[in-house]
Amino acid sequence: MVSRTDTLKILLFILLFSTLKYKAQDYSFFPETIKKTAEYSNRGELSGAMNYNINALGKYKKLNDKENIATVYINISYLLFLLNKTDEGLKYLDLAKEEMKGLKNPLLEARLYNEYAKISTRLSLTEQSNLEFDKAIRYALKVPDEKQKNYLLFYSYTWKRLNFLNKKDSLISLEKKSLKYMPSGITYTKIADRFIQDGKHLDSADYYLKKARIAPDSNIVAVRGLIWFSYGNLYNVQKDHKKALEYYLKSLQTFEKIKFKAQIRKSFDSLSSTYDYLNDHQNANLYFKKYKLINDTIKKDEKKAVNIVVERLMLAKEREEKNKRNYLYFFIFIIVGFSVTAFYVVRRKYQKKQKQKNELIQEMTSETDQLKKKVGGSYREIIQLAESRSPFFLTRFKQVYPEFCEKLILHCPELSEHDIKFCAYIKLNLTNKEIVLFENITVRGVETKKYRLKKKLNLSADTDLNKWLMEL
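Under the UniProt record's numbering, the very last position in the sequence shown is 472; numbers go up by exactly one each time.
Structure representation (structure tokens):
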């Protein structure tokens with residue numbers, strides 16, 4: 001009988017053989033600026049990639065070449081994303097979108113919405129991200145070049161899977177779609193991570209990491225770093241902390257080469273924990289301080305980016321409402337004018353048109369009211385941020401309820417950010433059960449927190465905390 005381990009070895013041998021038909025990652029089928037940008041970034045030469053695109057941008061602006069100007073703007077946004085400069089990346093995508101007006105280029109559209117979606121994913125705007133990925137996929141399917149189309153679809157599905165980490169069936173489905181278009185080290189590594197996180201079937205994790213190491217994109221610096229990092233996680237779960245340390249240091253060196261802040265942060269955190277396991281508390285503290293420093297920087301950048309995204313969404317809603325209103329006024333004008341003219345022709349015809357006008361006004365007014373409700377739907381947005389445990393929950397709450405927060409702090413300046421967050425839950429009329437889910441504590445823990453909060457606010461014993469906060 002063939003054991004599970006033997007089966008995995010056989011499958012690995014088949015993979016090793018079959019992968020030979022794939023060349024190392026290349027972008028020769030893309031336009032020159034995309035190809036060069038990818039080659040630079042895959043080698044970790046982000047400054048070289050940026051300089052190349054800035055020079056190209058100057059050249060294309062002189063030629064007024066809108067297609068290539070838009071391409072370069074998207075390239076720059078892609079590079080800024082790697083550098084964790086999300087807010088600047090958004091601005092370049094908006095510039096690209098402006099240049100693309102009137103152009104019918106599915107390659108540009110697919111790349112544009114992929115980059116928008118990646119940023120939304122990073123900012124925990126999952127619903128927005130999925131809509132943007134779906135739009136990117138629709139455009140990718142219209143790309144006539146088969147190799148370009150396959151790469152764009154691989155790219156979309158690989159990134160979209162990050163929005164479904166807690167939905168296993170959807171996650172596996174997206175991984176299959178991604179691998180259909182390219183056997184990628186990124187996808188194999190993420191499959192391995194799932195086994196490592198569960199702490200079960202670690203032989204399967206090792207199997208997928210071996211697949212990742214021979215995938216066509218394994219020569220890309222960032223992918224190589226992800227593979228080393230996952231090996232570190234695997235060895236930590238296996239209690240081989242010295243081996244884990246070795247791979248974490250390799251991954252950190254790789255990520256620092258390309259200034260991949262998000263992964264550098266993860267590496268610092270893992271190194272701190274691993275040094276603790278090895279009783280090297282000096283290095284554990286050193287890497288914890290590094291982690292805290294870069295974490296604060298990233299959060300500050302992400303806060304700026306979230307504000308930009310929220311403003312963009314609100315402006316888009318306002319424009320949509322304005323267009324609907326203009327559309328409504330236009331039809332009212334036409335219908336009223338036609339009705340007045342028809343009045344002198346025949347009374348019956350006038351009455352019929354008048355009825356149509358009133359029905360249309362009612363329909364359009366209803367649509368406008370719905371749009372107003374959507375624009376004012378901040379409450380739903382805040383609840384979604386709370387449900388996803390987003391670090392931007394409290395920031396957004398303060399933006400929507402500034403007077404409440406000011407009165408609360410004025411009443412008790414000693415309140416911590418966590419106290420204010422708890423008051424926000426109560427202000428949003430959340431139940432104890434909902435707070436339990438959002439804070440990952442027990443019902444007793446919620447009640448204890450409310451009791452302490454009541455004392456901190458210096459409220460009398462007969463004062464209802466919930467009612468007091470709701471009326472503040």
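Don't be surprised by glycine CBs; every beta carbon is placed ideally from N, CA and C. The structure presented is a predicted model; accordingly, all values stated were derived computationally and were not measured.
Does DSSP put T5 in a helix, in a strand, or in coil? Residue placement at T5 is flagged as unreliable, the pLDDT there being 37, under the threshold of 50; the coordinate-derived value follows with that caveat. Judged by DSSP in its simplified three-state form, T5 adopts helix.
With 16 other CB atoms within 10 Å as the buried threshold, where does D464 fall? Classification for D464: exposed.
With distances taken between CB atoms, is the gap from H241 to L209 smaller than 8 Å? Going by C-beta atoms, H241 is not nearer than 8 Å to L209.
My assumption, with CB atoms under 8 Å, is that L40 sits in contact with Y52. Please give the rounded CB distance. According to the sequence as given, residue 40 is Tyr; it is not Leu. About 6 Å separates the two Cβ atoms, so the contact holds.
Can you grab the Cα-Cα spacing for the pair L202 / F195, in whole Å? Computed Cα separation, rounded: 6 Å.
Out of S204, G199, K200 and Q263, point me to the one whose CA is closest to W228's CA. The option with the nearest alpha carbon to W228 is Q263.
Could you tell me which of Y157, N166 and N163 sits nearest to E175, measuring between CA atoms? Among Y157, N166 and N163, the Cα nearest to that of E175 belongs to Y157.
Throw me the rounded Cβ distance for the S230 and A192 pair, which I believe falls under 8 Å. That belief holds up - the Cβ atoms of S230 and A192 are roughly 5 Å apart, short of 8 Å.
I'd like to know whether the C-beta atoms of R396 and E414 end up nearer to each other than 8 Å. No. Outside cutoff.
Quick one: measure Cβ to Cβ for Y248 and S270, integer angstroms, because I've assumed they're closer than 8 Å. For Y248 against S270, the beta-carbon gap comes to about 5 Å, under 8 Å, which counts as contact.
Candidates D419, I137, E406 and K433: closest to E387 by CA position: Considering only alpha carbons, the answer is K433.
Using a Cβ-Cβ cut-off of 6 Å (strictly less than) and excluding sequence neighbours within five positions of L83, which residues of its own chain qualify? Taken in chain order, the residues that qualify are K259.
Contact defined as beta carbons within less than 8 Å: I believe A96 pairs with L112. What is the distance between those atoms, to the nearest angstrom? In this structure A96 touches L112 by the C-beta definition: roughly 6 Å separates them, less than 8 Å.
Using only the alpha-carbon positions, how far apart do A38 and Y235 sit? Spanning the two alpha carbons is a distance of roughly 32 Å.
Restricting to Cα atoms, I'd like to know which of L469, V436 and F438 is closest to C412. Looking from the CA of C412, the closest CA among L469, V436 and F438 belongs to L469.
Does Y22 come out as helix, strand or coil in the three-state DSSP assignment? At Y22 the pLDDT is 39, less than 50, meaning the model places this residue with poor confidence; the figure from the coordinates comes in the next sentence. Coil.
Keeping to the same chain, check which residues put their C-beta closer than 7 Å to that of T254; ignore five residues upstream and five downstream. The answer, listed in chain order, is V221, R224, G225 and W228.
Is the beta carbon of E32 closer than 8 Å to that of K66? E32 is positioned such that its CB atom lies no closer than 8 Å to that of K66.
Length of the line joining the Cα atoms of L459 and I420: So the alpha carbons of these two residues sit roughly 16 Å apart.
For R389, the three-state DSSP class (helix, strand or coil): Looking at R389 - three-state DSSP - the assignment turns out to be coil, as it is neither helix nor strand.
Do A424 and L385 count as a contact pair if the criterion is CB distance below 8 Å? Not closer than 8 Å, so no.
Could you check where the alpha helix (DSSP H) with H241 kicks off and where it finishes? Counting along the chain, the unbroken alpha helix (DSSP H) around H241 starts and ends at H241 to K257.
Straight-line CA distance for A49 to I69? Distance between the alpha carbons of A49 and I69 is about 15 Å.
Out of curiosity, what's the CA-to-CA distance linking E367 and K300? Because the pLDDT at E367 is just 44, under 50, the model does not fix this residue reliably, and the value given afterwards should be weighed accordingly. If I take the Cα positions, the gap works out to 38 Å.
By the DSSP assignment, the alpha helix (DSSP H) with P402 in it spans what residues? Counting along the chain, the alpha helix (DSSP H) containing P402 begins and ends at P402 to H411.
Answer yes or no: does any C-beta atom of chain D fall closer than 8 Å to that of V345? Within the model displayed, chain D is absent; a lone protein chain is all it includes.
How about R161 and K190: are their beta carbons less than 8 Å apart? Using a Cβ distance threshold of 8 Å, R161 and K190 count as a contacting pair.
Using CA atoms only, rank isn't needed, just tell me which of A244, E256, K292 and K250 is closest to Y275. If we check each option's Cα against that of Y275, A244 comes out closest.
Own chain residues within Cβ distance below 6 Å of E109, not counting five before or after: Correct list, in chain order: Y139.
Whose C-alpha, out of N130, S184 and Y73, is nearest the C-alpha of K91? Nearest Cα to K91 within the set N130, S184 and Y73: Y73.
Restricting to runs no shorter than 4 residues, where is the alpha helix (DSSP H) found entirely within the stretch 104-148? If we require 4 residues or more, the alpha helix (DSSP H) runs fully inside the stretch 104-148 come out as 106-122 and 126-140.
Taking the alpha carbon of S273 as the reference point, which residue from D296, K239 and K261 has its own alpha carbon closest? Closest option to S273, Cα to Cα, is K239.
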